[in-house]
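To start, the structure under review is shown below, and the notes come after it.
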Amino acid sequence: MKRLPFLSLAILLFSFVGSMAQEVESTEQEKLTYYEQRAREDAQFEQSQELAEEEEEEFWESQKDYERQLKKRDKKAYKAYMKGKRDAYAEHRSHCDDHCHHSDHYHTHASFYYYHNEPYRYRSYSRGTTIRTGVGISAPSVRIGL
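So this is what it looks like as structure tokens:
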């Protein structure tokens, strides 16, 4: 008889834990969806803006700062954001032709999103292995002794 309340309490506890896990999972999915949507909105804004040279440089610098901070704060959210950006830029690229007049800054940053989030092209980095060899040739020496 004592087992019945314990068993019902255990079932109630497991069902509560299971529902909490589902809530956490759905909240996580909502967060990722939010960042993907935010990325699409940002991409649409970036594709439609027309700024002066200095303003555009400042804008892209602040955009890179936002992405860096997001990456530090939450890597999953950063990946979702970058996926959203990549998808939005790829979609825009499919119908962007001569009627789109984008700046050099736009194309520089767009290529970052197009090509699977590779590092910005103006960053200096080395991916190859450097091998240093030393080859020396010496002339034969002749000594004459008396």
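Mature numbering (1 follows the signal peptide of the UniProt record, and there is no 0) puts the sequence shown at residues -21 to -1, 1 to 125.
Note that CB positions come from ideal geometry on N, CA and C, so glycine has one too.
Check, Outcome
"Residue from R122, I116 and D83 whose Cα sits closest to the Cα of E32", "D83"
"A118 classed as buried or exposed, judged by whether at least 16 other C-beta atoms fall within 10 angstroms", "exposed"
"Where E29 sits in the DSSP three-state scheme", "coil"
"Close-in-space but distant-in-sequence residues of the same chain around E36 (CB under 8 Å, 5 per side omitted)", "H84"
"Cβ neighbours of K55 in the same chain (closer than 7 Å, five flanking residues each side left out)", "L11"
"Integer-rounded CB distance, given that Y93 should sit under 8 Å from A69", "7 Å"
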